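Colleague: Supplied in structure tokens, the structure appears directly below.
Pasting the structure below:
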């Protein structure tokens, strides 16, 4: 009898503990929902949001259960938060250890140190080739690798030329939907199977001593020998800030610089997008070889240029070097931390190449949408047209974005992905900003340790972006209580 009584007491205590735990969890959930509902009401009633559309989705990160939503199925421009979807797609479809190959080949024959043929740089989409972000990717390091490979192959002189081969990708560099004002600037750098130095250069400027005075271009680094600059810049008023824009179309040889540079900044630089990355890379190797004492007889060119001129390209080539990029997780780190649009566009086309389909942005995007559709996310909720979110024509629902982040959390590489996200306002999240668009998406935990996933998008607000950001942070801070 005594044993039965003790057993019954233990069962009652266990049941009571279970009921208290469930009740506490429900009360916490209700408290979180109510706090969020109140915070969202305050946010949407703010004067800056009078004509805005706000979408907010909060999920339980462990179960995927919807905790709170506001306009969760309304498609909005996500800006750079769209990079979370591109990065997740790349991890799933390419694998975190994926690496790009850039191969150095030659045509013709080598006779007594003379290459009677061409040296070819064949790209496969590596966005970090010649980038300053890792020691192994820097321009000088890659060029020395190629010069060493040429010498080891016995090449001391080239009777042909250096050819940039970007033929694994299509020739459309910026995706549809990008605006003219963006395309000549570094953040609007277009895609290429052969990139170099993230397809960008730095332009050093010297403003005048008074508003309206001409601005001088004092240097281009690295040099872009194929590009001529038409300088229409003037000096702005003190405190006017950077209002400089570079206008250059893909494959052009002319770039117009317009706007104003601030009078009170005499050490002023802006970064531009290279119109022909494959030619940019070929010129870099040509110049490096000449400086190393290896003459190159003919001027650098590209497969695209030769095709346009009707010149037959020798397809028989021997490889002398295979340069490997950093692994995908290292690429994604910079993609999300620095919000590099080029990386997103390269990844979308790489996905198409990897899947054996036509290599263009439209195909890569279609593959992504098809993939997420198989995971239960309505493809219509991912109305995307690029990989970076730079196009103002993208439309994504906050619920779809949150579901992508939930799918990531179930994977063995979740911690790697998580750490690729920057820390903003003490939260692991990606930000997004274009005209009158502000967005955040990522992971956080409540004060009790409950992990959450959120996606928060605002379109068409008015007034100060920094004020909108602070108001969004205030709502997100409420989730951490």
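In this note's numbering, the protein residues as written are 297 to 777. For every residue, glycine included, the Cβ atom is placed at its ideal position computed from N, Cα and C. From a predicted model like this one, the values you see are computed outputs, not experimental measurements.
Quick check: the region 412-426 against the region 452-459, are at least 3 beta-carbon pairs closer than 8 Å?
Modeller: In short, these stretches touch, since the Cβ pair count reaches three.
Colleague: In chain order, what residues of the same chain have a beta carbon less than 8 Å from the beta carbon of residue 774, not counting five sequence neighbours either side?
Modeller: Here residue 774 refers to the residue found at position 478 of the chain shown. Excluding sequence neighbours, residue 774 sits near 331, 332 and 335.
Colleague: Do residue 585 and residue 443 have their C-beta atoms closer together than 8 Å?
Modeller: Mapped onto the chain shown, residue 585 falls at position 289. Mapped onto the chain shown, residue 443 falls at position 147. Going by C-beta atoms, residue 585 is nearer than 8 Å to residue 443.
Colleague: Give me the Cβ distance between residue 568 and residue 544, rounded to the nearest whole Å; I'm assuming they're in contact under 8 Å.
Modeller: In the chain shown, residue 568 corresponds to position 272, counting from 1. In the chain shown, residue 544 corresponds to position 248, counting from 1. With a Cβ gap of about 7 Å, residue 568 and residue 544 count as contacting.
Colleague: Can you give the beta carbon distance from residue 728 to residue 685, rounded, assuming they're within the 8 Å contact cut?
Modeller: The residue given as residue 728 occupies position 432 in the chain shown. The residue given as residue 685 occupies position 389 in the chain shown. That pair is a contact at about 6 Å.
Colleague: Would you check if the region 338-356 and the region 658-674 touch, i.e. whether three or more CB-CB distances between them fall below 8 Å?
Modeller: No, the region 658-674 is not in contact with the region 338-356.
Colleague: Which residue marks the beginning of the beta strand (DSSP E) containing residue 512, and which one marks its end?
Modeller: Taking the chain shown and counting its residues from 1, one reaches residue 512 at position 216. Element bounds for residue 512: 512-517.
Colleague: If you scan the region 436-484 from start to end, which runs of the alpha helix (DSSP H) of 4 or more residues do you find wholly inside it?
Modeller: You should have 476-479.
Colleague: Return helix, strand or coil for residue 715, following the three-state DSSP convention.
Modeller: Reading the chain shown from its first residue, position 419 is the one you call residue 715. If DSSP states are grouped into helix, strand and coil, residue 715 belongs with the helices.
Colleague: Could you tell me whether the Cβ atoms of residue 806 and residue 627 are closer together than 8 Å?
Modeller: Only positions 297 to 777 of the chain appear in this structure, which leaves residue 806 out of reach.
Colleague: Note the first and the last residue of the continuous alpha helix (DSSP H) segment covering residue 705.
Modeller: Locating residue 705 in the chain shown gives position 409, counting from the first residue. Residue 705 -> alpha helix (DSSP H) spans 694-705.
Colleague: Check whether the region 389-396 and the region 592-604 are in contact - that is, three or more C-beta pairs closer than 8 Å.
Modeller: Touching, no, given that fewer than three Cβ pairs across the two stretches are closer than 8 Å.
Colleague: Give the list of continuous beta strand (DSSP E) stretches no shorter than 3 residues that lie fully inside the region 388-427.
Modeller: Taking only runs of at least 3 residues, the beta strand (DSSP E) segments lying wholly in the region 388-427 are 397-402, 405-407, 410-412 and 415-418.
Colleague: Under the rule that 16 or more other beta-carbon atoms within 10 Å means buried, what is residue 618, buried or exposed?
Modeller: Residue numbering aside, residue 618 sits at position 322 when the chain shown is read from its first letter. Exposed, by the Cβ-count rule.
Colleague: For residue 320, which three-state DSSP category applies?
Modeller: Position 24 of the chain shown, counting from 1, holds the residue named residue 320. With a pLDDT of 49 at residue 320, under the threshold of 50, the modelled position of this residue cannot be trusted; read the value that follows with caution. Residue state, collapsed to three classes: helix.
Colleague: If we ignore side chains and look at the alpha-carbon of each, how far apart do residue 479 and residue 471 end up?
Modeller: Here residue 479 refers to the residue found at position 183 when the chain shown is read from its first residue. Here residue 471 refers to the residue found at position 175 when the chain shown is read from its first residue. Approximately 10 Å, taken between the alpha carbons.
Colleague: Cα separation between residue 469 and residue 487?
Modeller: Counting from 1 along the chain shown, the entry for residue 469 is found at position 173. Counting from 1 along the chain shown, the entry for residue 487 is found at position 191. Answer to the nearest angstrom: the Cα atoms are 5 Å apart.
Colleague: Only counting runs of 3 or more residues, tell me where the beta strand (DSSP E) segments fall wholly within the region 556-582, in order along the chain.
Modeller: Listed in chain order, the complete beta strand (DSSP E) runs (minimum 3 residues) inside the region 556-582 are 564-569.
Colleague: Using DSSP with H/G/I as helix, E/B as strand and the rest coil, what is residue 773?
Modeller: The sequence position of residue 773 within the chain shown is 477, counting from 1. In the structure shown, residue 773 sits in a helix (DSSP, three-state: H, G or I).
Colleague: May I ask you to verify whether the region 695-712 touches the region 669-676, counting CB pairs closer than 8 Å and requiring at least 3?
Modeller: Result yes; three or more Cβ-Cβ pairs closer than 8 Å.
Colleague: Give the single residue among 731, 397, 408 and 356 whose Cα lies nearest to the Cα of residue 738.
Modeller: On the chain shown, residue 738 is found 442 positions in, with the first residue counted as 1. Of the listed residues, the one whose Cα sits closest to residue 738 is 356.
Colleague: Can we say the region 530-537 touches the region 503-512, given the rule of at least three CB pairs closer than 8 Å?
Modeller: Verdict: yes, contact present.
Colleague: I need the straight-line Cα distance from residue 320 to residue 363, nearest angstrom please.
Modeller: For the purposes of this step, residue 320 is taken as residue 24 along the chain shown, with counting starting at 1. For the purposes of this step, residue 363 is taken as residue 67 along the chain shown, with counting starting at 1. Low confidence applies to residue 320: its pLDDT is 49, below 50, so where it sits in the model is not reliable enough to give any reading.
Colleague: Taking the Cβ atom as the reference point for each residue, do residue 522 and residue 563 lie within a distance shorter than 8 Å?
Modeller: Walking along the chain shown from the start, residue 522 turns up at place 226. Walking along the chain shown from the start, residue 563 turns up at place 267. In this structure, residue 563 does not lie closer than 8 Å to residue 522 by Cβ.
Colleague: Which residues in the same chain as residue 616 place their Cβ atom closer than 6 Å to its Cβ, once the five residues preceding and following it in sequence are excluded?
Modeller: For the purposes of this step, residue 616 is identified with residue 320 of the chain shown, where counting begins at 1. Cβ within range, chain order: 400, 445 and 449.
Colleague: Alpha carbon to alpha carbon, how far is residue 679 from residue 690? Give it in angstroms, no decimals.
Modeller: Walking along the chain shown from the start, residue 690 turns up at place 394. Walking along the chain shown from the start, residue 679 turns up at place 383. If I take the Cα positions, the gap works out to 6 Å.
Colleague: Compare the beta carbon distance of residue 767 and residue 632 with 8 Å and say whether it is the shorter of the two.
Modeller: Taking the first residue of the chain shown as position 1, residue 767 is located at position 471. Taking the first residue of the chain shown as position 1, residue 632 is located at position 336. Their beta carbons are not under 8 Å apart, which means residue 767 does not touch residue 632 by this criterion.
Colleague: Please state the DSSP three-state secondary structure of residue 661.
Modeller: Against the chain shown, residue 661 aligns to sequence position 365. Helix, per DSSP.
Colleague: For residue 492, count neighbouring Cβ atoms within 10 angstroms of its own Cβ and tell me buried if that reaches 16, exposed if not.
Modeller: Taking the chain shown and counting its residues from 1, the one referred to as residue 492 is at position 196. Answer is buried; the Cβ neighbour count reaches 16.
Colleague: Excluding the 5 residues preceding and the 5 following residue 723 in the sequence, name in chain order all residues of the same chain whose CB lies nearer than 7 Å to its CB.
Modeller: Start at 1 with the first residue of the chain shown, and residue 723 comes out as number 427. Excluding sequence neighbours, residue 723 sits near 738, 740 and 772.
Colleague: Three or more C-beta pairs under 8 Å: does that hold for the region 357-376 against the region 395-410?
Modeller: Judged by Cβ distances under 8 Å, the region 357-376 makes no contact with the region 395-410, as fewer than three pairs qualify.
Colleague: Rounded to whole angstroms, what is the Cα-Cα separation between residue 317 and residue 746?
Modeller: Numbered from 1 along the chain shown, position 21 holds the residue referred to as residue 317. Numbered from 1 along the chain shown, position 450 holds the residue referred to as residue 746. The pLDDT assigned to residue 317 is 49, lower than 50, so where the model puts this residue is not dependable, and the model offers no usable value.
Colleague: To the nearest angstrom, report how far apart residue 764 and residue 734 are at their CA atoms.
Modeller: Within the chain shown, residue 764 is the residue found at index 468, counting from 1. Within the chain shown, residue 734 is the residue found at index 438, counting from 1. Roughly 8 Å separates the two Cα atoms.
Colleague: For residue 625, collect the residues of the same chain with a Cβ closer than 6 Å to its Cβ; drop the 5 residues on either side in sequence, then sort them by chain order.
Modeller: The residue given as residue 625 occupies position 329 in the chain shown. 392 and 712, listed in sequence order.
Colleague: For residue 609, name the three-state secondary structure that DSSP assigns.
Modeller: Locating residue 609 in the chain shown gives position 313, counting from the first residue. If DSSP states are grouped into helix, strand and coil, residue 609 belongs with coil.
Colleague: Go ahead and pull the three-state DSSP assignment for residue 315.
Modeller: Counting from 1 along the chain shown, the entry for residue 315 is found at position 19. Interpretation of residue 315 is limited by its pLDDT of 47, a score under 50 that renders its predicted location unreliable; the figure taken from the coordinates is listed afterwards. Here residue 315 sits in helix by DSSP.
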